[in-house]
Amino acid sequence: MAESFLFSIAENVVGKIGSVALQEIGLAWGVKTELQKLEATLTTIKSVLLDAEEKQWNDRQLRDWLGKLKHVCYDVEDVLDEFQYQALQRQVVSHGSLKTKDQGGEGEVGWHCSR
1 MAESFLFSIA ENVVGKIGSV ALQEIGLAWG VKTELQKLEA TLTTIKSVLL DAEEKQWNDR
61 QLRDWLGKLK HVCYDVEDVL DEFQYQALQR QVVSHGSLKT KDQGGEGEVG WHCSR
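Printed below as a string of structure tokens:
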């Protein structure tokens, strides 16, 4: 159970990095290359993770390393979530003028909310 847990965390982070929305945000903010490097690093880690998790029961150092890696993956996930939140917040602020254009709520803003 713990074996697949860390793997799924890493897989979730890689999925977030690969999302179209995050790639577009990365391009707009000039960090697309860094996101691609992070994705490649996590993919490499993922490829050895299952084997390492099987061996951790006989190797205390490996078990400690996997524990640290779990915390790093959580931190990366938190940073990516904050990154997406900030980008969405900026998008809402920059499109805030749409509310004044559409008093009835049936225009673009109302349409997005009703979906």
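Take the sequence shown: its position 108, counting from 1, is numbered 108 in full-length UniProt numbering, and each next residue is one higher.
Even for Gly, the Cβ is constructed at its ideal location relative to N, Cα and C.
Predicted, not measured: the structure shown is a model, and the values here were computed from it.
Whole-angstrom distance between Asp-78 and Ile-25, CA atom to CA atom: Sequence index remark: in the sequence shown, residue 25 carries index 25 (1-based). Sequence index remark: in the sequence shown, residue 78 carries index 78 (1-based). Straight-line Cα distance between these residues: approximately 16 Å.
Three-state secondary structure (DSSP) of Val-31: Within the sequence shown, the letter at position 31 stands for residue 31. Note: Val-31 maps to coil in three-state DSSP.
Element boundaries [alpha helix (DSSP H), containing Trp-65]: Residue mapping note: residue 65 aligns to position 65 of the sequence shown, counting from 1. Note, Trp-65: alpha helix (DSSP H), 60-94.
Proximity test, Ala-40 beta-carbon vs the ligand NAD heavy atom, cut-off 7 Å: By its list of ligands, the structure shown contains no ligand whatsoever, and the ligand NAD lies outside what it can speak to.
Touching by the beta-carbon criterion (3+ pairs, under 8 Å), the stretch 12-22 and the stretch 56-64: no
Three-state secondary structure (DSSP) of Ser-8: Within the sequence shown, the letter at position 8 stands for residue 8. Ser-8: helix per DSSP, three-state reduction.
Rounded C-alpha distance that separates Ile-45 from Leu-88: Against the sequence shown, residue 45 aligns to sequence position 45. Against the sequence shown, residue 88 aligns to sequence position 88. The straight-line gap from Cα to Cα measures roughly 29 Å.
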